[in-house]
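These notes are about the structure you will find just below.
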Amino acid sequence: MPRFFNTNAFRLAAVYFAIFATSVLALLAFIYFSSADFIEQQTDETIDAEIRGLAEQYREHGLAGLIEVIQQRVAEARRTPSRIDDTLYLITDPLLHSLAGNLEHWPPVGERGGGWVAFPVSETHNGVIETDQARASVIVLPGNFHLLVGRDQREARIFRGRVTHTLGWAALITLGLGIVGGFFMTRNMLRKVDAVNRTSTRIIHGDLSQRVPLTGSGDEFDQLAQNLNEMLDKVERLMVGMRQVTDNIAHDLRTPLSRLRARLEVTLIEKPDVVRYGDALRDTITEADRLLGTFNALLSIAEAESGSRRESLDTVDLSEIARDVAELYEPVAEEKGLALPIDIADRVMVRGDRHLLSQAIANLVDNALKYTADGSVSLSLHANSSMARIEVTDTGPGVPPDRRDAVFDRFVRLEGSRSSPGNGLGLSLVRAVAMLHEGAVWLADNQSSPEARGLTAVFELPRVVDRTVLAPHETARLLPAPAGAAGSSSEPPRDLGHT
Ligand SMILES: Nc1ncnc2c1ncn2[C@@H]1O[C@H](COP(=O)(O)OP(=O)(O)OP(=O)(O)O)[C@@H](O)[C@H]1O
Ligand SMILES: [Mg+2]
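Position one of the sequence shown corresponds to residue 1280 (our numbering), numbered consecutively onward.
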C-alpha cells in the first residue's frame, strides 16, 4: 500500500481528482448562488408589484377600499395555510397602529419614509415556532398612513437548505467516485508497469528469453512493451552471437595449444638431444606465432567493429594502398603460377585507416590466391563521384550463393578449404573494416570468366572527392550487389566512372 501511494500513477490520479472535484464544487457553488439570487430577485419583484397594486387601490378607492382589499388577501392566505410564500401585509395610521393586515405590530424598523426594510418574524409551522428574516417594502401614503408589504425568507431558507444538502451529497459522491476511479486507474497503470518490471527482473536473473506481454490494445504501454521486446530480441541475438564466437575461439585455440603441449611433452620424454630440442623450440615458436596471429586478427576485428577508430580516420590514397598490396602478393602469385593483373585508378582518396584498409584488401587478395589453383587473380579499383570500389576476382572454386553471407562470420570456413591454412577470420575483418568506413563488402560470381567460374569480392566505401582529379567521362561495368551484401545496407551504384 505505501508503495501504491508513492507511485507516479497515484499522484497523477490524485491531481486529476483534485481538479475534477474543484470543478464540480465550483459548478455547484455557482448554481447555488445564482439560484438564491434569482429567488431573492423574484421575491422583490413580487413585493414591488403587489405594493404598487395596493397603492393604486388606495388612490382609486381610498383608505377604506385599501383596508378591504388587504383584509380579503389576508383571509385568502389563511384559507390556504400550507402555502409557504405567505405575503405579509400591514397598514397603519400615522402613529403606526395597525389598521389591517397579518402582521400584529409595526416591525422594529423605526418609522421610515419608505423603501426596503428587513426584520425578523416568527411563525408557527406544524406546531414549531420558526423565526425567519422577512423582507418588505414600505410606502407612506398621503395622510402619513404606512403600507408595508413583505415576505418572509422561509422559502429561500428552505431552498438554500436543499441546495446545501444536495451539494453535500454531490461532494460526497464526487469524492467517492474520485477515490474509487483513482484507485482503479492507478492499479491499472501499475499492473502494466509491473509487467515490465517483472520481465526485467527475470531477465536480470539470467532468463534472456523473457518478453514483456502485450495487451493488444496498441496503447503507449503496448508500444513501449513492443520496443522493449525488440530491444531484447536484438540483445539476445548479440548475446547468442557472442557466445558462439567465444565457443569458436575456445575451440579453435584449444587444438593448436594441445598440439603444442603434446609436442613439448614428447620432446621431454625422449632422450635429451640438442638438435631435437632446437627443432621443438622452433616448432613451438611457429605455433605460438600462429596463435598470436589468430589473437591479433580477433582483436583487429573487435577494434574495427567497436568503431573506436572512427574519429582518427584520415584522408588516404586508396590507389596507393591497393598498389602496395598487389606488389606484396606478386611473389605469392608467381610462386603459384597465377597471373595477377591490376587495374587501379589513380588518386582515389577515401577517409580511412591506412593499416586496416591495407589489411582488408590483402585478406581479399590472399583468399583469391589461396583458393585458386590455376588461372588468374585480378585486382581493380574504380570510383565514381561518391564511391570507391575495389574488386578482387579469381578463377577458383567460388563460394555457393547461399554461403556468401555466412563466410563473413568469424571462424566460418567452407568444406573444401579446410586443407589450406587459415582461421576463417579474414573476411570477418574485411566486413568490420567496411562497416567502420561506412562501406560494404559482398561476394558475387566472377562474370568475366568465360567458363563462369570463380568469385568476385567487392569492397566499396565512400570516396572523398578531390575535384581537381575527378574526370566524369569514363565508365566501367561493375557488378550489382547481391541481396544481403555485408556492411552498410546502401544499394551500390550501378555505374562507376574511372578517374
Ligand atoms: N576467393 C575465394 N574462393 C573460394 N572460397 C573462398 C574465397 N574467399 C573465401 N572463401 C571461403 O570463405 C571462407 C572464409 O574466408 P576467410 O578469409 O574469412 O577465412 P580463411 O581464408 O579460411 O582464413 P584466414 O583468412 O583467417 O586465414 C574460406 O575458408 C573459404 O572457404
Ligand atoms: Mg582468408
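Positions of the beta carbon are idealized from the N, C-alpha and C atoms, including for glycine.
Three-state secondary structure assigned by DSSP to residue i
{"i": "L1507", "result": "helix"}
{"i": "Q1412", "result": "strand"}
{"i": "H1752", "result": "In this predicted model, H1752 has a pLDDT of only 49, less than 50, meaning its place in the structure is not dependable; the value taken from the coordinates is given anyway. Correct three-state label for H1752: coil."}
{"i": "W1448", "result": "helix"}
{"i": "V1353", "result": "helix"}
{"i": "D1526", "result": "helix"}
{"i": "T1594", "result": "strand"}
{"i": "E1670", "result": "strand"}
{"i": "L1570", "result": "helix"}
{"i": "G1422", "result": "coil"}
{"i": "S1401", "result": "strand"}
{"i": "A1379", "result": "strand"}
{"i": "E1694", "result": "helix"}
{"i": "L1617", "result": "coil"}
{"i": "A1315", "result": "helix"}
{"i": "G1654", "result": "coil"}
{"i": "T1286", "result": "coil"}
{"i": "R1430", "result": "strand"}
{"i": "G1675", "result": "coil"}
{"i": "L1757", "result": "With a pLDDT of 43 at L1757, under the threshold of 50, the predicted position of this residue should be treated as unreliable, though the coordinate-derived value follows. Coil, per DSSP."}
{"i": "E1739", "result": "strand"}
{"i": "V1388", "result": "coil"}
{"i": "L1607", "result": "helix"}
{"i": "V1407", "result": "strand"}
{"i": "G1705", "result": "helix"}
{"i": "A1719", "result": "strand"}
{"i": "L1560", "result": "helix"}
{"i": "G1586", "result": "coil"}
Check whether residue i and residue j have beta carbons under 9 Å apart
{"i": "T1322", "j": "R1430", "result": "yes"}
{"i": "I1640", "j": "I1621", "result": "no"}
{"i": "P1387", "j": "L1427", "result": "no"}
{"i": "V1691", "j": "G1703", "result": "yes"}
{"i": "A1288", "j": "M1464", "result": "yes"}
{"i": "V1678", "j": "V1671", "result": "no"}
{"i": "S1637", "j": "D1603", "result": "yes"}
{"i": "A1583", "j": "L1708", "result": "yes"}
{"i": "V1720", "j": "R1630", "result": "no"}
{"i": "T1453", "j": "V1353", "result": "no"}
{"i": "L1367", "j": "L1382", "result": "yes"}
{"i": "L1722", "j": "R1697", "result": "no"}
{"i": "A1802", "j": "P1399", "result": "Residue coverage of the chain in this structure runs from 1280 to 1778, which leaves residue 1802 outside it and unanswerable."}
{"i": "I1298", "j": "A1435", "result": "no"}
{"i": "V1442", "j": "I1349", "result": "no"}
{"i": "G1394", "j": "V1417", "result": "yes"}
{"i": "G1733", "j": "T1651", "result": "yes"}
{"i": "R1439", "j": "A1315", "result": "yes"}
{"i": "E1613", "j": "L1619", "result": "yes"}
{"i": "F1296", "j": "T1371", "result": "no"}
Buried versus exposed, by CB contacts within 10 Å (16 or more), residue i
{"i": "Q1320", "result": "exposed"}
{"i": "A1397", "result": "exposed"}
{"i": "R1331", "result": "exposed"}
{"i": "F1284", "result": "exposed"}
{"i": "Y1556", "result": "exposed"}
{"i": "D1673", "result": "buried"}
{"i": "V1459", "result": "exposed"}
{"i": "A1750", "result": "Its pLDDT being 48, under 50, A1750 is placed unreliably in this model, and the coordinates cannot settle the point."}
{"i": "H1384", "result": "exposed"}
{"i": "D1327", "result": "exposed"}
{"i": "Q1502", "result": "exposed"}
{"i": "I1437", "result": "exposed"}
{"i": "N1663", "result": "buried"}
{"i": "I1580", "result": "buried"}
{"i": "V1553", "result": "exposed"}
{"i": "D1365", "result": "buried"}
{"i": "F1500", "result": "buried"}
Between the region 1645-1655 and the region 1582-1591, do at least 3 Cβ pairs fall closer than 8 Å? no
Can you list, in chain order, every residue whose CB sits closer than 6 Å to a heavy atom of ligand 2? N1642, D1645, N1646, G1701 and G1705
Pair every Cβ in the region 1564-1573 with every Cβ in the region 1597-1608, then say whether three or more of these pairs are closer than 8 Å. no
Validate contact between the region 1709-1718 and the region 1733-1744 using beta carbons, cut 8 Å, 3 pairs: yes
Taking one C-beta from the region 1402-1412 and one from the region 1336-1353 each time, how about it: are there three or more such pairs within less than 8 Å? no
The region 1691-1701 / the region 1653-1661 touching (three or more Cβ pairs under 8 Å): no
May I ask you to verify whether the region 1531-1538 touches the region 1505-1512, counting CB pairs closer than 8 Å and requiring at least 3? no
Any chance the region 1473-1486 sits against the region 1445-1454, with 3 or more Cβ pairs inside 8 Å? no
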